[in-house]
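Below: the structure, in structure tokens.
Chains as they are written, first to last, in this note's numbering: chain A, 14 to 376; chain B, 36 to 213.
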């Protein structure tokens with residue numbers, strides 16, 4: 014096993030992890046701040062080693078539909094983009110979810126709305142966790158805070174997508190995408206053979222043997238009764254995912270009197286704020302949702318019962334705070350702090366916001 | 036050990052690659068490291084900066100309000116970052132193009148004439164290595180061997196014949212510090 018420690022950008026880590034996972038195909042279109050994913054894959058030329066296809070499509074819409082096609086055949090396929098590009102992919106994502114197909118979509122978020130800026134943002138939380146495209150569906154949404162997690166979540170994302178036959182998303186931001194850190198890439202896996210795919214994905218289009226009926230992949234069902242049953246099946250899957258897959262990290266929550274809730278890069282910035290406040294004797298902790306959907310309701314609910322108040326810090330105008338309030342049943346005062354449009358708050362701004370909302374914490 | 040640095044200057048001066056070499060050198064020394072660039076539309080002529088954190092324990096935030104050390108290569112960056120050096124910290128600046136020198140008295144200020152040195156060396160491309168040499172002399176962050184190993188990691192193999200030239204530039208930078 015190769016335990017070599019590498020220094021990589023988050024985007025590079027995603028690309029290298031995809032090859033090592035044994036992914037069958039990547040289809041994408043460049044956009045800052047995630048273009049290094051496609052660049053790194055092109056430079057690595059995995060089509061000559063593992064046989065993985067890497068294709069720069071003519072547009073984001075084409076890329077997501079190539080993913081739809083690959084996923085229909087049981088292949089481990091992925092695409093990546095940043096906010097405006099991910100908006101373009103939403104129709105395809107809805108189709109993939111409705112066709113109950115596994116796929117991995119990566120969004121390295123930048124400031125919006127519209128074309129916005131190229132700087133870091135977390136303003137696509139609603140889009141990622143509440144649907145994004147049309148219809149009643151969910152993605153499994155993973156929020157990495159380190160370059161190591163960028164690599165690891167490629168594996169986790171694909172594994173969960175195949176386990177539940179539903180698309181997964183890595184929701185990162187420009188900070189985690191652009192920064193370099195130490196990484197140990199997960200162990201390499203061979204790409205699955207045609208036979209393994211046929212065995213593991215009996216639903217996939219792999220060529221019809223005489224032993225079974227043909228497989229049809231479609232999201233269209235004009236019979237409303239059947240379509241409702243399809244929807245019920247999707248919902249049963251989502252309940253199962255909610256039961257099994259809530260993930261979060263707790264930092265100094267044991268004796269915390271006040272709680273920060275933040276995901277991705279903002280969780281790290283909050284950790285630094287917390288360390289500084291702890292030095293002043295203020296008992297603060299952090300809950301970091303790792304799965305944004307399913308939201309770690311259980312953990313947030315549990316920790317909220319012990320604290321006097323919560324500050325949700327996000328690079329948006331207040332999105333995850335809704336899930337925090339629902340999870341904690343609005344038990345304690347819960348406030349939001351964020352900067353918009355690609356601005357990352359400095360540490361002082363965050364602690365100022367905290368003391369503004371919780372002046373008693375100083376006593 | 037924990038060192039929080041910002042390196043700031045014009046795009047094209049090699050600010051980001053200098054940070055990268057430092058980060059690779061830290062990797063060679065088994066330290067934890069984060070390298071966080073400003074990644075706006077900075078090209079030659081615009082400003083660029085990179086935050087590098089070296090530590091022997093896990094690093095939380097890759098972005099900071101204040102720094103132990105600031106390496107400043109143009110006036111805009113000096114204006115922006117002089118106030119952000121921690122009291123007792125270090126500010127290293129190249130005097131070239133600086134018309135308003137730093138004024139703080141509670142930090143250690145080093146003026147290095149790196150740009151002038153590269154004129155004398157007739158090798159403008161080695162500028163960031165001269166600056167890196169000065170930084171290493173002043174702060175003694177990492178052994179030079181780790182830095183050379185870091186250089187080897189950052190440079191593609193076809194450019195490895197340039198390593199002695201870079202090493203010379205680092206030494207030249209070290210000699211600039213009195």
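Note that the Cβ used here is the ideal one computed from N, Cα and C, for glycine as well.
This one's a predicted model, so the numbers in the text were calculated from it and none came from an experiment.
Best match in the options for proximity to residue i [C-alpha to C-alpha]
| i | options | result |
| --- | --- | --- |
| residue 257(A) | 144(A), 48(A), 173(A), 165(A) | 173(A) |
| residue 168(A) | 77(A), 29(A), 336(A), 41(A) | 29(A) |
| residue 130(B) | 118(B), 146(B), 119(B) | 146(B) |
| residue 59(B) | 22(A), 38(A), 239(A), 39(A) | 22(A) |
| residue 119(A) | 349(A), 62(A), 357(A), 189(A) | 189(A) |
| residue 231(A) | 371(A), 114(A), 38(A) | 114(A) |
| residue 57(B) | 292(A), 46(A), 333(A), 20(A) | 20(A) |
| residue 185(B) | 161(B), 124(B), 158(B), 64(B) | 64(B) |
| residue 54(A) | 80(A), 219(A), 26(A), 198(A) | 26(A) |
| residue 323(A) | 346(A), 310(A), 116(A) | 346(A) |
| residue 167(B) | 116(B), 203(B), 191(B), 154(B) | 203(B) |
| residue 88(A) | 37(A), 339(A), 373(A), 369(A) | 37(A) |
| residue 41(B) | 62(B), 47(B), 157(B), 70(B) | 70(B) |
| residue 85(A) | 330(A), 372(A), 210(A) | 210(A) |
| residue 128(A) | 44(A), 244(A), 305(A), 311(A) | 44(A) |
| residue 122(A) | 150(A), 319(A), 156(A) | 156(A) |
| residue 65(A) | 268(A), 90(A), 272(A), 301(A) | 90(A) |
| residue 179(A) | 138(A), 198(A), 203(A), 80(A) | 80(A) |
| residue 170(B) | 213(B), 96(B), 114(B) | 213(B) |
| residue 61(B) | 172(B), 179(B), 43(B) | 179(B) |
| residue 160(A) | 34(A), 361(A), 198(A) | 198(A) |
C-beta contact flag for residue i and residue j at 8 Å
| i | j | result |
| --- | --- | --- |
| residue 189(B) | residue 55(B) | yes |
| residue 107(A) | residue 134(A) | no |
| residue 282(A) | residue 297(A) | no |
| residue 321(A) | residue 270(A) | yes |
| residue 355(A) | residue 132(A) | yes |
| residue 117(A) | residue 40(A) | no |
| residue 358(A) | residue 187(A) | no |
| residue 82(B) | residue 118(B) | no |
| residue 3(B) | residue 107(B) | Any question about residue 3(B) goes unanswered here, given that chain B covers just 36 to 213. |
| residue 105(B) | residue 120(B) | yes |
| residue 125(B) | residue 109(B) | no |
| residue 42(A) | residue 70(A) | yes |
Element boundaries [alpha helix (DSSP H), containing residue i]
| i | result |
| --- | --- |
| residue 115(B) | 110–116 |
| residue 39(A) | Looking at the DSSP string, residue 39(A) is not in any alpha helix (DSSP H); the run it does join, the beta strand (DSSP E), is 38–41. |
| residue 69(A) | Looking at the DSSP string, residue 69(A) is not in any alpha helix (DSSP H); the run it does join, the beta strand (DSSP E), is 66–69. |
| residue 189(B) | 179–189 |
| residue 171(B) | 162–174 |
| residue 211(B) | 198–211 |
| residue 252(A) | 237–257 |
| residue 365(A) | 360–370 |
| residue 54(B) | 50–63 |
Residue interval of the beta strand (DSSP E) (run including residue i)
| i | result |
| --- | --- |
| residue 150(A) | Taken as a continuous stretch (DSSP letters only), residue 150(A) belongs to no beta strand (DSSP E), as it is neither H nor E. |
| residue 18(A) | 18–22 |
| residue 44(B) | 37–45 |
| residue 233(A) | Per DSSP, residue 233(A) belongs to no beta strand (DSSP E) and is neither H nor E. |
| residue 89(B) | 82–90 |
| residue 103(B) | 102–107 |
| residue 350(A) | 347–350 |
Per-residue burial, residue i [other beta carbons within 10 Å of its own, 16 or more giving buried]
| i | result |
| --- | --- |
| residue 198(B) | exposed |
| residue 14(A) | Reliability of the predicted coordinates at residue 14(A) is poor, the pLDDT of 39 falling under 50, and the value obtained from them is presented with this limitation in mind. Burial call: exposed. |
| residue 246(A) | exposed |
| residue 377(A) | With chain A covering 14 to 376 only, the question about residue 377(A) has no answer from this structure. |
| residue 349(A) | buried |
| residue 50(B) | buried |
| residue 210(B) | exposed |
| residue 18(A) | exposed |
| residue 140(A) | buried |
| residue 364(A) | buried |
| residue 207(B) | buried |
| residue 154(B) | exposed |
| residue 72(A) | exposed |
| residue 368(A) | exposed |
| residue 149(B) | buried |
| residue 32(A) | buried |
| residue 3(B) | Outside the shown range of chain B, which is 36 to 213, sits residue 3(B), and nothing can be said about it. |
| residue 239(A) | exposed |
> What are the complete beta strand (DSSP E) segments, minimum 3 residues, inside the stretch 178–202 of chain A?
Replying inline: Annotation note: the stretch 178–202 of chain A contains the following uninterrupted beta strand (DSSP E) runs of length 3 or greater, listed N- to C-terminal: 181–186, 193–197.
> Which residue spans inside the stretch 274–329 of chain A form an unbroken beta strand (DSSP E) run of at least 3?
Replying inline: 297–302, 304–306, 322–326
>> List, from N- to C-terminal side, the beta strand (DSSP E) runs of 3 residues or more that fit wholly inside the stretch 116–172 of chain A.
In response: 117–122, 153–155
>> Restricting to runs no shorter than 4 residues, where is the alpha helix (DSSP H) found entirely within the stretch 87–120 of chain A?
In response: 96–111
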